[in-house]
(Lines of atoms letter the chains of each structure in order from A and count residues from 1; the text may use other names and numbers.)
(Lines give C-alpha, C1' and ligand atoms only; values in the text may rest on other atoms or scores of the structure.)
Protein backbone atom coordinates (compact mmCIF):
# COMPACT_ATOMS: atom_id res chain seq x y z
CA UNK A 1 0.00 0.00 0.00
CA UNK A 2 1.40 3.38 -0.99
CA UNK A 3 1.72 6.20 1.50
CA UNK A 4 -0.23 9.44 0.90
CA UNK A 5 3.04 11.13 -0.07
CA UNK A 6 3.76 8.44 -2.67
CA UNK A 7 0.22 8.74 -4.04
CA UNK A 8 0.58 12.52 -4.44
CA UNK A 9 4.01 12.18 -6.07
CA UNK A 10 2.64 9.67 -8.59
CA UNK A 11 -0.37 11.89 -9.27
CA UNK A 12 1.78 14.95 -9.89
CA UNK A 13 3.84 12.99 -12.44
CA UNK A 14 0.72 11.64 -14.16
CA UNK A 15 -0.89 15.08 -14.36
CA UNK A 16 2.23 16.78 -15.70
CA UNK A 17 2.59 14.14 -18.41
CA UNK A 18 -1.10 14.12 -19.35
CA UNK A 19 -1.35 17.91 -19.64
CA UNK A 20 2.04 18.51 -21.27
CA UNK A 21 0.40 19.90 -24.44
CA UNK A 22 -2.71 21.45 -22.88
CA UNK A 23 -4.04 24.94 -23.65
CA UNK A 24 -2.19 27.49 -21.52
CA UNK A 25 -5.05 28.29 -19.17
CA UNK A 26 -5.76 24.64 -18.40
CA UNK A 27 -2.24 23.20 -18.32
CA UNK A 28 -0.05 21.81 -15.54
CA UNK A 29 0.57 25.30 -14.15
CA UNK A 30 -3.16 25.86 -13.69
CA UNK A 31 -3.26 22.57 -11.80
CA UNK A 32 -0.21 23.59 -9.77
CA UNK A 33 -1.80 26.90 -8.70
CA UNK A 34 -5.09 25.24 -7.78
CA UNK A 35 -3.22 22.55 -5.85
CA UNK A 36 -1.25 25.14 -3.87
CA UNK A 37 -4.33 27.27 -3.17
CA UNK A 38 -6.31 24.19 -2.14
CA UNK A 39 -3.63 23.29 0.41
CA UNK A 40 -3.70 26.84 1.76
CA UNK A 41 -7.48 26.77 2.16
CA UNK A 42 -7.47 23.22 3.54
CA UNK A 43 -5.08 24.27 6.31
CA UNK A 44 -7.97 26.34 7.74
CA UNK A 45 -10.64 23.64 7.30
CA UNK A 46 -11.42 20.24 8.81
CA UNK A 47 -10.99 18.13 5.66
CA UNK A 48 -9.28 15.03 4.34
CA UNK A 49 -6.09 16.52 2.92
CA UNK A 50 -5.37 13.55 0.62
CA UNK A 51 -8.76 13.86 -1.06
CA UNK A 52 -8.32 17.63 -1.38
CA UNK A 53 -4.90 17.25 -3.03
CA UNK A 54 -6.03 14.49 -5.37
CA UNK A 55 -9.14 16.46 -6.31
CA UNK A 56 -7.06 19.53 -7.06
CA UNK A 57 -4.45 17.62 -9.06
CA UNK A 58 -7.01 15.71 -11.13
CA UNK A 59 -9.90 18.17 -11.44
CA UNK A 60 -9.00 19.18 -15.02
CA UNK A 61 -7.31 16.00 -16.17
CA UNK A 62 -9.68 15.94 -19.15
CA UNK A 63 -11.70 19.18 -19.19
CA UNK A 64 -14.89 18.65 -21.17
CA UNK A 65 -14.27 21.89 -23.11
CA UNK A 66 -11.46 20.12 -24.91
CA UNK A 67 -13.28 16.81 -25.36
CA UNK A 68 -16.38 17.79 -27.29
CA UNK A 69 -18.32 18.62 -24.13
CA UNK A 70 -18.04 15.05 -22.79
CA UNK A 71 -18.09 15.36 -19.00
CA UNK A 72 -17.48 11.65 -18.39
CA UNK A 73 -13.90 11.47 -19.66
CA UNK A 74 -12.27 13.36 -16.77
CA UNK A 75 -13.76 11.28 -13.94
CA UNK A 76 -13.12 8.06 -15.87
CA UNK A 77 -9.48 8.96 -16.56
CA UNK A 78 -8.93 9.89 -12.91
CA UNK A 79 -10.50 6.63 -11.75
CA UNK A 80 -8.38 4.54 -14.10
CA UNK A 81 -5.21 6.22 -12.88
CA UNK A 82 -6.08 5.99 -9.17
CA UNK A 83 -7.01 2.34 -9.52
CA UNK A 84 -3.67 1.71 -11.22
CA UNK A 85 -1.83 2.92 -8.12
CA UNK A 86 -4.13 1.01 -5.72
CA UNK A 87 -5.95 3.92 -4.11
CA UNK A 88 -8.89 2.73 -2.03
CA UNK A 89 -12.34 2.85 -3.57
CA UNK A 90 -13.87 5.36 -1.15
CA UNK A 91 -11.19 7.90 -2.02
CA UNK A 92 -11.55 7.27 -5.76
CA UNK A 93 -15.32 7.76 -5.57
CA UNK A 94 -14.93 11.04 -3.67
CA UNK A 95 -12.35 12.36 -6.16
CA UNK A 96 -14.63 11.37 -9.05
CA UNK A 97 -17.44 13.38 -7.49
CA UNK A 98 -15.19 16.41 -7.05
CA UNK A 99 -14.27 16.28 -10.75
CA UNK A 100 -17.90 15.83 -11.79
CA UNK A 101 -19.21 18.73 -9.73
CA UNK A 102 -16.41 21.30 -9.51
CA UNK A 103 -17.15 23.31 -12.65
CA UNK A 104 -19.14 26.51 -12.94
CA UNK A 105 -22.09 25.45 -15.09
CA UNK A 106 -23.75 28.75 -15.88
CA UNK A 107 -27.50 29.22 -15.86
CA UNK A 108 -29.37 28.02 -12.78
CA UNK A 109 -27.69 24.65 -12.35
CA UNK A 110 -27.99 23.27 -8.81
CA UNK A 111 -24.94 21.38 -7.56
CA UNK A 112 -25.94 17.78 -6.88
CA UNK A 113 -22.99 16.74 -4.70
CA UNK A 114 -21.48 18.51 -1.70
CA UNK A 115 -18.52 17.84 0.56
CA UNK A 116 -16.07 19.98 2.49
CA UNK A 117 -13.30 18.67 0.27
CA UNK A 118 -15.18 19.75 -2.86
CA UNK A 119 -15.78 23.15 -1.27
CA UNK A 120 -12.03 23.62 -0.82
CA UNK A 121 -11.02 22.47 -4.31
CA UNK A 122 -13.83 24.44 -5.93
CA UNK A 123 -12.74 27.62 -4.14
CA UNK A 124 -9.13 27.07 -5.24
CA UNK A 125 -10.22 26.54 -8.83
CA UNK A 126 -12.42 29.63 -8.76
CA UNK A 127 -9.58 31.73 -7.34
CA UNK A 128 -7.49 30.84 -10.37
CA UNK A 129 -10.33 32.09 -12.60
CA UNK A 130 -10.25 35.62 -11.14
CA UNK A 131 -7.68 38.34 -10.49
CA UNK A 132 -4.64 38.94 -12.68
CA UNK A 133 -4.21 35.30 -13.62
CA UNK A 134 -7.93 34.89 -14.23
CA UNK A 135 -7.83 37.79 -16.69
CA UNK A 136 -4.84 36.26 -18.48
CA UNK A 137 -6.55 32.87 -18.66
CA UNK A 138 -9.78 34.36 -19.99
CA UNK A 139 -8.07 36.13 -22.88
CA UNK A 140 -5.80 33.17 -23.56
CA UNK A 141 -8.82 30.89 -23.93
CA UNK A 142 -10.67 33.52 -25.97
CA UNK A 143 -7.74 33.61 -28.38
CA UNK A 144 -7.64 29.82 -28.46
CA UNK A 145 -11.32 29.88 -29.52
CA UNK A 146 -10.78 32.85 -31.87
CA UNK A 147 -13.25 35.03 -29.98
CA UNK A 148 -13.39 38.81 -30.15
CA UNK A 149 -11.91 40.80 -27.29
CA UNK A 150 -15.03 42.96 -27.08
CA UNK A 151 -17.88 44.07 -29.29
CA UNK A 152 -20.19 46.76 -27.87
CA UNK A 153 -22.93 45.50 -30.21
CA UNK A 154 -23.00 42.06 -28.55
CA UNK A 155 -24.74 42.32 -25.16
CA UNK A 156 -23.89 40.13 -22.21
CA UNK A 157 -26.07 37.06 -21.89
CA UNK A 158 -26.22 35.52 -18.42
CA UNK A 159 -27.29 32.22 -20.01
CA UNK A 160 -30.40 30.70 -18.59
CA UNK A 161 -29.22 27.12 -19.16
CA UNK A 162 -26.04 25.07 -18.87
CA UNK A 163 -26.08 24.34 -22.61
CA UNK A 164 -26.30 28.05 -23.50
CA UNK A 165 -23.31 28.73 -21.27
CA UNK A 166 -21.24 25.89 -22.73
CA UNK A 167 -21.98 26.77 -26.36
CA UNK A 168 -21.67 30.55 -26.30
CA UNK A 169 -19.15 32.29 -28.59
CA UNK A 170 -19.40 35.78 -27.15
CA UNK A 171 -16.45 38.19 -26.74
CA UNK A 172 -14.10 37.61 -23.84
CA UNK A 173 -15.13 40.79 -21.99
CA UNK A 174 -18.66 39.38 -21.78
CA UNK A 175 -17.24 36.41 -19.87
CA UNK A 176 -16.43 38.70 -16.94
CA UNK A 177 -20.17 39.29 -16.45
CA UNK A 178 -21.23 35.73 -17.31
CA UNK A 179 -18.86 34.12 -14.81
CA UNK A 180 -15.83 35.92 -13.39
CA UNK A 181 -17.62 38.73 -11.54
CA UNK A 182 -20.02 36.15 -10.02
CA UNK A 183 -17.38 33.98 -8.38
CA UNK A 184 -16.52 36.15 -5.36
CA UNK A 185 -20.00 35.63 -3.94
CA UNK A 186 -19.96 31.90 -4.69
CA UNK A 187 -16.96 31.00 -2.58
CA UNK A 188 -17.63 28.22 -0.09
CA UNK A 189 -15.03 28.81 2.62
CA UNK A 190 -14.07 31.79 4.73
CA UNK A 191 -10.50 31.66 3.44
CA UNK A 192 -11.72 31.47 -0.14
CA UNK A 193 -13.98 34.48 0.38
CA UNK A 194 -11.15 36.53 1.87
CA UNK A 195 -8.73 35.66 -0.93
CA UNK A 196 -11.34 36.44 -3.58
CA UNK A 197 -11.94 40.05 -2.52
CA UNK A 198 -8.66 41.53 -3.76
CA UNK A 199 -8.76 39.57 -7.01
CA UNK A 200 -12.34 40.68 -7.67
CA UNK A 201 -11.45 44.33 -7.08
CA UNK A 202 -8.50 44.03 -9.48
CA UNK A 203 -10.82 42.70 -12.21
CA UNK A 204 -13.23 45.58 -11.68
CA UNK A 205 -10.36 48.07 -12.05
CA UNK A 206 -9.12 46.26 -15.15
CA UNK A 207 -12.50 46.27 -16.90
CA UNK A 208 -13.01 49.97 -16.10
CA UNK A 209 -9.60 50.72 -17.63
CA UNK A 210 -10.41 48.50 -20.64
CA UNK A 211 -13.59 50.47 -21.42
CA UNK A 212 -11.82 53.81 -20.94
CA UNK A 213 -9.05 52.81 -23.35
CA UNK A 214 -11.59 51.38 -25.80
CA UNK A 215 -13.34 54.74 -25.97
CA UNK A 216 -10.07 56.71 -26.20
CA UNK A 217 -10.38 58.26 -22.75
CA UNK A 218 -6.91 57.10 -21.68
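Residue numbers (the working numbering): 461 to 678. For each residue, glycine too, the CB sits at the ideal point set by N, CA and C. As the structure is a computational prediction, the values presented were derived from the model and not from experiment.
query                                                                                                                                                                                   : result
Going straight from the alpha carbon of residue 594 to that of residue 587, what length do you get?                                                                                     : 8 Å
CA-CA distance, residue 539 and residue 676?                                                                                                                                            : 52 Å
Given residue 557, which residues of its chain have a CB within under 6 Å of its CB, disregarding the five upstream and five downstream residues?                                       : 573
Leaving out the 5 sequence neighbours to the left and right, which residues in its chain are closer than 6 Å to residue 647 when beta-carbon positions are compared?                    : 583, 653 and 656
Output needed for residue 508: all residues of its chain with C-beta closer than 7 Å, excluding positions within five of it in sequence on either side, in chain order.                 : 577
Could you check what DSSP says for residue 511 in three-state terms: helix, strand or coil?                                                                                             : helix
For the segment 549-563 against the segment 513-520, do three or more pairs of beta-carbon atoms, one drawn from each stretch, fall closer than 8 Å, so that the two count as touching? : yes
For residue 663, tell me which candidate among 650, 637 and 649 has the shortest Cα-Cα distance.                                                                                        : 637
Please classify residue 522: is it buried, with 16 or more other beta-carbons within 10 angstroms of its beta-carbon, or exposed?                                                       : buried
What does a CB cutoff of less than 8 Å around residue 633 pick up in its chain, not counting 5 residues either side in sequence?                                                        : 609, 610, 667 and 670
Check residue 660 in the structure and name its three-state DSSP category.                                                                                                              : helix
Please classify residue 614 as buried or exposed, where buried requires at least 16 neighbouring CB atoms within 10 angstroms.                                                          : exposed
Return the CA-CA distance between residue 631 and residue 590, expressed in angstroms with no decimal places.                                                                           : 17 Å
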